[in-house]
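Everything below concerns the one structure shown next.
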Ligand code: PGA
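In the working numbering, the protein residues as written are 1 to 241.
Here it is in structure tokens:
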């Protein structure tokens, strides 16, 4: 894993954007894996800025999001569908039918997991996957203990994850208890991975990732088995390295 350290979050977002845009310039029909959460929003702002200034086009790009809450409709402002439209898709020239997110309201959720996994494969797999990391080491919504050979699946959210995400909801009770997420093996199939880590609250997770052994108890440690991972971390996140 290659570690790029930046002085602050703004620089982290800019550097990750420069590298993402370079991949799009190399391959105008890139399959781009996307993440939600606070960390990638700066990257998305930079991509939007670049699209407006330099006309980088997303007309042939397909995007694949990591995860979605179960039981929240696409129109709900807490859905990841809504998040992605608001933070990225509405502001670039990507056709919305080329943006793909698991459907957390599907009648048959097991079928939806199979469909999403197969759908990504039919599109030729993900070229570049953007990832954040949870304080407990989760990637996507793969909580500690998730098998490394997991494919897209339904997961019970850890209490710590629900608490961390309750900032977006009116109350903790409103945070869904389950999500649909690409599995660890699905993520590892990506040809390249950018892991974004920002802030003091992630310092322990980053130190665990860099220093400890590979273990299913710390999902992000699977990335050590991937040959093409770049970690973008700001100074606060590297405090314990
Ligand atoms: P965050 O979430 O970017 O909002 O910290 C990351 C994650 O939980 O994967």
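By construction, the Cβ of each residue, glycine as well, lies at the ideal position given by its N, Cα and C atoms.
Computed from a predicted model, the values in this text were never measured in an experiment.
Minimum C-alpha distance to residue i - residue among the options
| i | options | result |
| --- | --- | --- |
| residue 113 | 102, 240, 224 | 102 |
| residue 1 | 200, 216, 192, 203 | 192 |
| residue 24 | 77, 165, 58 | 58 |
| residue 46 | 3, 14, 7 | 14 |
| residue 208 | 153, 135, 180, 152 | 135 |
| residue 88 | 224, 32, 153 | 32 |
| residue 220 | 81, 20, 127, 145 | 145 |
| residue 124 | 189, 202, 85, 40 | 189 |
| residue 176 | 151, 235, 40, 79 | 79 |
| residue 139 | 116, 182, 41, 16 | 182 |
| residue 228 | 206, 171, 129 | 129 |
| residue 11 | 93, 28, 40, 26 | 40 |
| residue 7 | 241, 240, 236 | 236 |
| residue 205 | 154, 70, 132 | 132 |
| residue 100 | 3, 77, 118, 142 | 118 |
| residue 238 | 216, 196, 225, 222 | 196 |
Assigned secondary structure, residue i (DSSP; H/G/I helix, E/B strand, else coil)
| i | result |
| --- | --- |
| residue 225 | helix |
| residue 129 | strand |
| residue 192 | strand |
| residue 87 | helix |
| residue 138 | coil |
| residue 250 | Because the chain here runs from 1 to 241, residue 250 falls outside it and cannot be looked at. |
| residue 232 | strand |
| residue 110 | helix |
| residue 123 | coil |
| residue 97 | helix |
| residue 165 | helix |
| residue 187 | helix |
| residue 240 | coil |
| residue 156 | strand |
| residue 56 | coil |
| residue 10 | helix |
| residue 42 | helix |
| residue 204 | helix |
Burial state of residue i (16 or more Cβ within 10 Å)
| i | result |
| --- | --- |
| residue 18 | exposed |
| residue 95 | exposed |
| residue 38 | exposed |
| residue 159 | exposed |
| residue 200 | exposed |
| residue 67 | buried |
| residue 65 | buried |
| residue 202 | buried |
| residue 73 | exposed |
| residue 172 | exposed |
| residue 150 | buried |
| residue 121 | exposed |
| residue 22 | exposed |
| residue 27 | exposed |
One or two residues paired with residue i in a DSSP bridge
| i | result |
| --- | --- |
| residue 68 | 180 |
| residue 104 | Residue 104 is not bridged to any residue. |
| residue 48 | Paired residues: none, contrary to the question. |
| residue 197 | 233 |
| residue 27 | The partner list for residue 27 (beta bridge, DSSP) is empty, contrary to what the question assumes. |
| residue 63 | 32, 99 |
| residue 214 | The partner list for residue 214 (beta bridge, DSSP) is empty, contrary to what the question assumes. |
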